[in-house]
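Read left to right, the sequence shown gives residues 3 to 416 (the working numbering).
First up is the structure itself, then whatever we jot down about it.
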Amino acid sequence: MKGFKAALLGLVAIQASAGAALAQQKLTMWSRSSSEAFMPSLVKAFNAAHKTQIELQIVPNTEMVQKYAISAAGGSAPDLLSLDLVYTPAFAASGQLEDLTDLIKGFPFLDQLSKAHLGAGTYEGRIYGVPMSADASVMLWNKRLFKQAGLDPEKGPTNWAEIEDYAGKVNAIGGDVRGFYFSGACGGCNAFTFMPLVWASGGEILTDGAKKATLNTPQMRDAVGLYRSLVAKGYVPESAKTDTGANFFGGFATDRIGMSPIGAFAIGNLVKNYPKVEFGVTFLPGKTGGKSSFAGGDNFVVTAGRKNLPAVKEFLTFVYSLEGQTLLAKLGSLPTRADVAAEAVKDLDERYLTATEAMKIGRTPSSPVYNDIVNSSTGPWKQMLNEVFFGNDVEGSLIKAEKTMQSIIDQSGK
3 MKGFKAALLG LVAIQASAGA ALAQQKLTMW SRSSSEAFMP SLVKAFNAAH
53 KTQIELQIVP NTEMVQKYAI SAAGGSAPDL LSLDLVYTPA FAASGQLEDL
103 TDLIKGFPFL DQLSKAHLGA GTYEGRIYGV PMSADASVML WNKRLFKQAG
153 LDPEKGPTNW AEIEDYAGKV NAIGGDVRGF YFSGACGGCN AFTFMPLVWA
203 SGGEILTDGA KKATLNTPQM RDAVGLYRSL VAKGYVPESA KTDTGANFFG
253 GFATDRIGMS PIGAFAIGNL VKNYPKVEFG VTFLPGKTGG KSSFAGGDNF
303 VVTAGRKNLP AVKEFLTFVY SLEGQTLLAK LGSLPTRADV AAEAVKDLDE
353 RYLTATEAMK IGRTPSSPVY NDIVNSSTGP WKQMLNEVFF GNDVEGSLIK
403 AEKTMQSIID QSGK
């Protein structure tokens with residue numbers, strides 16, 4: 003009887019273990035709506051070739067952060083999440099994410115994964131977020147307008163003097179043609195496209211491990227001076243002042259703008275939807291040269307306490323494979339693994355090669371209070387931009403914004 007009882011208990015244990023393993027094969031995942039062009043196809047391709055199955059739900063961009071925060075606090079969060087990488091530190095600091103350090107360090111190509119994504123995904127020396135999708139900021143120029151203005155249509159600007167010179171010559175075409183465009187009332191847009199101008203010139207936005215705000219610097223004042231000059235000379239459409247990002251891409255797509263700093267996502271959009279727009283792609287330059295880029299996109303994270311890391315490894319192995327990276331690139335995301343990036347985009351428009359190079363040098367400020375200091379519509383970054391681009395007291399606005407930003411950082415204690 004003892005032997006039978008032991009065997010029965012053993013069988014129950016085996017069945018329970020098998021049931022747990024089976025349960026781990028079906029995972030829930032949320033992804034924000036900006037990834038809708040590629041995430042469903044990526045998950046579908048993974049599901050078709052693996053026993054592990056992922057059930058994907060697309061969540062509107064504007065709802066994702068709050069929805070996940072509430073669900074994580076209430077115990078109803080999904081297993082996996084594709085999250086705007088700038089929010090990774092905040093969720094890691096709040097204890098809502100699983101530590102992926104040991105898992106990701108097992109990948110032999112770790113040093114080829116986007117350093118900006120991994121940097122934003124690292125909190126107190128541990129990795130909580132790893133690259134999922136990517137976008138990089140670049141400069142577009144209109145070749146037809148350049149040629150019409152007497153400029154070399156195959157040469158984009160390499161420094162700020164050229165930006166202003168080229169913008170002026172394109173502007174001189176007249177009519178409703180303007181030399182330059184940016185969304186003046188969009189904090190996130192200008193983090194993506196304006197910060198790199200400062201970085202490429204040797205300046206910083208945050209220093210000392212993101213614990214010190216550095217806005218009132220010579221590099222920032224010079225970059226602001228460039229935009230103010232472009233505005234003052236009438237090279238920027240009047241509508242840019244109130245554009246909260248709704249026309250971030252559309253400004254250049256009108257075929258009446260000479261140059262526009264924007265994301266690499268615009269390449270595929272222009273090719274597909276605006277084939278008559280002849281454009282070039284180059285890097286965002288520093289004052290006297292150099293180049294930089296903001297690395298945007300999503301980090302992949304796992305909700306804290308989920309015991310599904312073998313399945314997570316299976317999914318990430320697919321995402322970082324050449325097949326996964328090629329599928330992402332084909333459908334709208336830049337590759338996040340540098341050593342296969344060129345191969346992943348080889349069948350796409352050749353202008354993607356510049357974007358993949360921009361991604362390699364991309365940077366992302368990493369702070370648990372990034373939303374409060376940069377993304378928030380009432381935060382210091384957003385308030386400062388409108389004042390310094392279009393107002394009268396540049397130095398006062400920079401000093402005020404830096405002080406407010408520092409106060410938010412200090413109060414967070416993180």
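For every residue, glycine included, the Cβ atom is placed at its ideal position computed from N, Cα and C.
- Beta bridge pairing from DSSP links P220 with no other residue.
- About 6 Å separates the CB atoms of D300 and L87; that is less than 8 Å, so the two are in contact.
- Spatial neighbours of K235 in its own chain (CB-CB distance under 6 Å, excluding positions within 5 residues in sequence) are not present.
- Per the coordinates, the alpha-carbon of P91 lies some 19 Å from the alpha-carbon of T338.
- Fully enclosed alpha helix (DSSP H) runs of no fewer than 4 residues occupy 340 to 346, 354 to 362 of the region 334 to 382, in order along the chain.
- In the DSSP assignment, the residues bridged to Q55 are K28.
- Secondary structure note for S294: its beta strand (DSSP E) is the uninterrupted segment 293 to 304.
- Only residues of its own chain outside the window of five on either side were considered, and among them A74, A79, P80, D81, L82, L83, Q98, L99, E100 have a CB closer than 8 Å to the CB of T305, listed in chain order.
- In its chain, beyond the 5 residues on either side, L324, Q327, T328, A331, P337 have a beta carbon closer than 7 Å to the beta carbon of A346.
- Here T366 is buried: its Cβ has 16 or more other Cβ atoms, across all protein chains shown, within 10 Å.
- For the pair V321 and E57, the Cα-to-Cα distance works out to about 16 Å.
- If only uninterrupted alpha helix (DSSP H) runs of at least 4 residues are considered, those enclosed by the region 63 to 90 are 63 to 76.
- DSSP, reduced to helix, strand and coil, places I259 within a strand of the structure shown.
- Counting the other CB atoms within 10 Å of its CB gives T319 a total below 16, which places it among the exposed residues.
- In terms of CA proximity to Y89, N63 leads the group N63, F111, L112.
- Under a 10 Å Cβ-count criterion, T356 is classified as buried, with 16 or more other Cβ atoms of the shown protein chains found around its own Cβ.
- With respect to V172, L142 sits apart: the two C-beta atoms are not nearer than 8 Å.
- Beta-bridge annotation (DSSP): V61 is paired with R34.
- With a cutoff of 8 Å on beta-carbon distance, P287 and P159 are scored as near each other.
- For R128, the number of other beta carbons within 10 angstroms of its own is below 16, and it is reported as exposed.
- If you draw a straight line from the Cα of S185 to the Cα of V376, it is about 15 Å long.
- Ranking G108, L272, G282 by CA distance to the CA of K157 puts G282 first.
- Only exposed fits D113, as fewer than 16 other CB atoms lie within 10 angstroms of its CB.
- Measuring C-alpha to C-alpha distances from V140 to each of G189, F392, P382, A360 identifies A360 as the nearest.
- Every unbroken stretch of the beta strand (DSSP E) spanning 3 or more residues and falling wholly within the region 174 to 219 is given here in chain order: 180 to 182.
- Under the three-state reduction of DSSP, A50 is assigned to helix.
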